[in-house]
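Count along the sequence shown from 1, then add 296; that gives the number in our numbering.
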Amino acid sequence: MHSTYSVTQINTYIQKMFQEDYLLGDVSVSGEVSNCKYHSSGHIYFTLKDAGGAISCVMFASNARRLSFRIQDGSAIVVRGNIDVYVRDGKYQIYVKDAAPDGEGVLAAKFEELKRKLKAEGLFDEEFKRPLPKCPSKVGIVTAPTGAAVRDIITVSKRRNPYIQLILYPAIVQGDAACDSIVTGIETLEKAGVDVIIVGRGGGSLEDLWAFNEEKVAYAVFNSEVPIISAVGHETDFSICDFAADVRAATPSAAAELAVPEIAGYIDTIEFYFDELNNSMRRKAESERMKIKLIREKLDRLSPGQRIREKRLEAIHFEDELNALMDRKIMKSRHRMDVFIEGLKAVSPLERLNGGLAYLSDDTGRRVTSVRSLNKGDTINFMVKDGSAKATVTEISANTLV
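Structure (C-alpha cells):
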C-alpha cells in the first residue's frame, strides 16, 4: 500500500532536493526581464525568460540596495543566486543575490564595482595626484606601435617641441595579454628615466578598451613614481586608468599637448627670465659696488695712515691757531708796552733833560730838590741831556713863594 503525503511534505521534500543540489546553490542565469515589480519593502519580484521558458526571481532588499542599475521589463540581465522552493506555493524560483546587465552591461557593472572598490582605497584621491613637469625633456609613451593614437602623439609633440625626446614602449592594448603588457610598459619607461608617461590608445568598444579597466593597470599607474597622463579612447570614454592617473586627457592628441609645452612659449619665457636675470645682476653689481665704496671710505677713515694724516692736519691747524694767538698776544703786549713807554716817557727825567732841565744830586747821590738842603761850599752833581758835571755852591737864594 502506497504512503500518502501532505502537500507541505511534498513541497518540503522537493525543497531539500534543491538545497542538496550543489549546482543550484550558486548559479548564474541570463534572460529577459518581465513582470518586474519593486515592492514597498524594497524587495524586487520579476520573471526571467528566454525563447524556451521562464523562471520566477526574487531579490530581497538587502541585496537590491547594492544594485548599480534599475531592473526593468525588457532588459537583458544576468542574475546570480540560488534556486530554491517556496514551500507555501509549491513554486521554485531564483533567490537573486546579484544582477548585472547582460553583454556589455556585465562589463559596465564590473567597471562600476571596481571603480567603487579602488575609490574606497583612495587610488583616485586628488591629494595623490602629481603635477606634470613644466619642461620635460623625455616623454614616455605606452601604446600600440601602429595606429592613429601613436601618430597623433608624435605629430603633436614634435610640432610643439621639435627637440623633445619620445620613447615608445610598443604595448599590446587589446586582448588577454594587454594588461600585463601595459603594466610592463609603465615600469620599463619609469626605469628609463622619462619625465612623464602617456598611457593610452585610440577609441573602441568597452571590450576593446577593457585592458585599461583592469585592477592591475590601475595599481601600476597609481604606484608609478613618474606622473602619468591617461588618454584612453575618445572624449566620451572613461576608464579606470583615467581615474587612477595624475591627469586625464580626452584624446591622445590632447595628452601630447598636456605633456609637451610649446617651445615658442618656452623660449619667450627663457628670454624674459634672461632679461630679468641680467637686470637683477646689474642691480646687484651696482649695489655691491656701492657697498665696496662705502667700505673703502670707512677703511680709509679708520686706517692708521689716514688717522695720522688727519692728526697731522689737526696739528697744522692747531699750530696755525697757536701762531695766530701768539701773534695777537705779542701785538697786544707790544701795544701795551708802547703805552707804558709813552707813560714812562712822560715821567722820565731823561725826557725832561731833553727839554733843557738838569738833574741835581749831592755827593752822596741823593737828589737835590730844594736849595735849603744845600750849604755854601757843597759840591753838587748835575746831569743834562748830553752829559754830567760837578759844581761848588757859592751862593744860595731861596724862593719865598714856596
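All C-beta atoms in this analysis are idealised placements derived from N, C-alpha and C, irrespective of residue type, glycine included.
- Secondary structure within the segment 399–479: the alpha helix (DSSP H) runs of 4 or more consecutive residues, fully enclosed, are 400–417 and 444–456 (chain order).
- The secondary-structure analysis by DSSP pairs ASP394 across a beta bridge with ARG376.
- ILE524 counts as buried, since at least 16 other C-beta atoms from the protein chains shown sit within 10 angstroms of its C-beta.
- By the neighbour-count criterion, in which 16 or more other beta carbons inside 10 Å mark a residue as buried, LYS628 falls on the exposed side.
- Taken through DSSP and simplified to helix, strand or coil, ILE367 comes out as coil.
- Residue environment analysis places ASN509 among the buried positions, since at least 16 neighbouring C-beta atoms fall within 10 angstroms of its C-beta.
- For GLU328, the enclosing beta strand (DSSP E) covers residues 323–334.
- In the assembly as shown, ASP682 is an exposed residue. Its beta-carbon has fewer than 16 other beta-carbons within 10 Å.
- Within a 10 Å sphere around the beta-carbon of PHE539 sit 16 or more other beta-carbons, which makes this residue buried.
- Note: CYS353 is bridge-paired with PHE342 and ILE390 in the DSSP secondary-structure output.
- As DSSP reads the structure, ILE525 sits in a beta bridge with ILE494 and VAL543.
- Contact between the segment 409–417 and the segment 452–466 is absent: fewer than three C-beta pairs spanning the two stretches fall below 8 Å.
- Between the segment 568–583 and the segment 531–545 there are fewer than three C-beta pairs closer than 8 Å, too few to call the two in contact.
- In this structure, ALA546 sits away from ILE494, with a CB-CB distance that is not shorter than 8 Å.
- Taking 8 Å as the cut-off, the beta carbon of VAL522 is found no closer than this to the beta carbon of CYS537.
- Contact annotation: the segment 302–322 touches the segment 362–380, with at least three C-beta pairs closer than 8 Å.
- In this structure, the CA atom of VAL375 is about 46 Å from the CA atom of VAL490.
- The three-state reading of DSSP puts ILE676 in strand, counting E and B together.
- Buried is the label assigned to SER535, since at least 16 other Cβ atoms lie within 10 Å of its Cβ.
- In this structure, SER549 is the residue among SER549, SER336 and ALA473 with its C-alpha nearest to the C-alpha of GLY498.
- Going by C-alpha positions, ASP369 is about 16 Å away from LEU363.
- GLY683 carries a strand assignment under DSSP once its states are collapsed to helix, strand and coil.
- By the neighbour-count criterion, in which a residue is buried when 16 or more other Cβ atoms sit within 10 angstroms of its Cβ, LYS607 is exposed.
- C-alpha of GLU423 to C-alpha of VAL543: approximately 13 Å in a straight line.
- Residue pairing by DSSP puts ARG663 in a beta bridge opposite SER657.
- Secondary-structure assignment with DSSP links TYR515 through no beta bridge to anything.
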